[in-house]
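Sequence lines, in order, name chains A and B.
In terms of our numbering, the first sequence is residues 37 to 195.
In terms of our numbering, the second sequence is residues 37 to 195.
Structure first, commentary second.
2 protein chains.
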Amino acid sequence: MLIREAGADDWPGIWAIIRPVVEAGETFTWDRDVSQERARAMWTAGHAYVAVDESGAVLATAELHRNQGGPGSHVANAGFMVSPSAQGRGVGRALCAHVLQEARRLGYRAMQFNAVVETNVRAVRLWQSLGFEILTTVPEAFHHPNKGFVGLHVMYLKL
Amino acid sequence: MLIREAGADDWPGIWAIIRPVVEAGETFTWDRDVSQERARAMWTAGHAYVAVDESGAVLATAELHRNQGGPGSHVANAGFMVSPSAQGRGVGRALCAHVLQEARRLGYRAMQFNAVVETNVRAVRLWQSLGFEILTTVPEAFHHPNKGFVGLHVMYLKL
């Protein structure tokens with residue numbers, strides 16, 4: 037497995053991961069019918085990364101951007117998606133570790149997630165194992181298709 | 037004083053308030069050198085409001101938008117700016133009350149602020165007096181030009 041910055045050629049593989057995740061509406065606060073154009077603009081607004089296998093297939097993808105502008109631009113934010121076929125193999129963990137390293141290299145002082153769905157237990161545990169803490173949980177801020185209104189964690193790691 | 041939805045003709049008066057506030061870099065997480073074009077796109081992406089005096093001069097302005105997309109779009113976010121010449125006269129409070137009413141009318145279930153600068157005591161007290169609570173304070177998430185790194189409150193009100 038290789039983790040590297042995404043290039044234009046990686047987009048079809050990235051979109052193949054993003055689309056079903058967003059459509060499912062269980063873990064991301066994106067419009068479930070997001071267009072490919074809009075998704076690409078959002079995912080590649082900052083830095084985008086891919087984890088690829090030996091054949092070059094995209095196993096997982098991440099994006100890194102500033103969480104706020106101007107006087108808040110020293111805190112990063114990031115998003116991660118792993119292909120269902122690659123789950124449980126440590127790909128997400130390796131990608132997250134890489135993105136944390138990248139955030140440090142780019143001079144960010146902390147990383148903040150604004151909207152981690154509390155029922156996305158696998159992701160919450162992964163972030164926590166990497167040192168993130170839950171600062172608060174915004175009550176009923178996410179409308180889960182099966183579980184109704186659930187909380188969104190604000191998670192934070194000093195870099 | 038009249039509070040109403042902003043029209044295209046109000047933009048010069050709105051920009052006259054926004055520009056110095058953003059340039060000062062003490063209360064907003066916007067790039068301090070934001071262009072007028074970008075500022076207008078951000079301030080008017082959702083609903084924009086103005087409080088005007090008898091002569092039609094803009095005393096204060098607000099904007100209201102969804103805090104997240106898709107499954108998070110039932111929670112609103114808002115921004116407020118009051119002209120220095122109109123401060124201490126209850127204009128901000130009246131405008132905030134109006135925007136809360138608007139958010140209810142539009143079907144939002146809560147309002148969340150992601151980045152209230154903790155040293156912006158006047159604003160924090162105003163939101164608290166209107167029922168907002170501080171859910172958490174993200175440490176050192178705002179670089180204040182005089183006070184260094186200070187916290188950003190996440191504030192919340194169920195509607």
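Even glycine gets a Cβ: it sits at the ideal position worked out from N, Cα and C.
Which term fits residue i, buried or exposed, when burial requires 16 or more other beta carbons within 10 angstroms of its beta carbon?
i: Pro107 (chain B); result: buried
i: Val111 (chain A); result: buried
i: Gly61 (chain A); result: buried
i: Leu142 (chain A); result: exposed
i: Ala159 (chain B); result: buried
i: Phe116 (chain B); result: buried
i: Gln148 (chain B); result: buried
Which residue wins for smallest C-alpha separation from residue i, given the options the options?
i: His189 (chain B); options: B:Asn150, B:Arg76, B:Val111; result: B:Asn150
i: Ala133 (chain A); options: A:Asn156, A:Val152, A:Ala98; result: A:Ala98
i: Ala77 (chain B); options: B:Trp47, B:Val118, B:Pro56; result: B:Trp47
i: Ala96 (chain B); options: B:Ile39, B:Gly43, B:Val153, B:Val118; result: B:Val118
i: Val152 (chain B); options: B:Pro120, B:Val58, B:Val174, B:Glu59; result: B:Val174
i: Asp45 (chain A); options: A:Asp67, A:Val58, A:Thr80, A:Asp69; result: A:Thr80
i: Ala42 (chain A); options: A:Asp67, A:Val157, A:Gly92; result: A:Gly92
i: Ser165 (chain A); options: A:Gly126, A:Gly49, A:Pro120, A:Ser121; result: A:Gly126
Using C-beta distances below 6 Å, list every residue in its chain close to residue i, excluding the 5 sequence neighbours before and after it, in chain order.
i: Leu270 (chain B); result: Since the displayed chain B opens at 37 and closes at 195, residue 270 (chain B) lies outside it and no answer follows.
i: Val88 (chain A); result: Leu38, Val94
i: Val186 (chain A); result: Glu154, Thr155, Phe178, His180
i: Ala75 (chain A); result: Ile54
i: Glu90 (chain A); result: none
i: Gly49 (chain B); result: Val94
i: Lys183 (chain A); result: Thr155
i: Val157 (chain B); result: none
i: Pro197 (chain B); result: Examination of residue 197 (chain B) is not possible in this model, given that chain B is present from 37 through 195 alone.
Just to confirm my understanding: we take residue i, look at its own chain, exclude 5 residues before and 5 after, and list those with CB closer than 7 Å. What are they?
i: Glu138 (chain B); result: His83, Leu100
i: Val135 (chain A); result: Tyr85, Ala98, Leu100, Ala114
i: Leu131 (chain B); result: Ile39, Tyr85, Ala87, Ala96, Ala98, Phe116
i: Arg68 (chain A); result: Val58, Glu59, Gly61
i: Ala122 (chain A); result: Leu95, Ala96
Since residue i and residue j should fall inside the 8 Å C-beta cutoff, what is the C-beta to C-beta distance between them, to a whole number of angstroms?
i: Gln104 (chain B); j: Thr65 (chain A); result: 4 Å
i: Val208 (chain A); j: Thr63 (chain A); result: As shown, chain A starts at 37 and ends at 195. That puts residue 208 (chain A) outside it, with no answer to give.
i: Gly124 (chain A); j: Leu162 (chain A); result: Not quite, the Cβ-Cβ distance comes to about 11 Å (not below 8 Å), so this is no contact.
Within a Cβ cutoff of 8 Å, which residues of the same chain sit near residue i, ignoring the five residues on either side of it in sequence?
i: Gly167 (chain B); result: Leu193
i: Gln72 (chain A); result: Trp51, Arg55
i: Arg145 (chain A); result: His110, Val111, Lys194, Leu195
i: Arg140 (chain A); result: Leu195
i: Glu169 (chain B); result: Met191, Tyr192, Leu193
i: Glu176 (chain A); result: Phe185, Val186, Gly187
Just to check, is the beta-carbon of residue i closer than 7 Å to a non-hydrogen atom of the ligand MG?
i: Trp47 (chain A); result: For the ligand MG, the structure offers nothing, since it holds no ligand at all.
message = So within the segment 50-109 of chain B, which uninterrupted alpha helix (DSSP H) runs reach at least 4 residues, ignoring any that extend past its ends?
response = 72-79
task = Kindly provide the ranges of any beta strand (DSSP E) runs that are 3 or more residues long and lie completely inside the segment 108-152 of chain B, ordered along the chain.
result = 111-118
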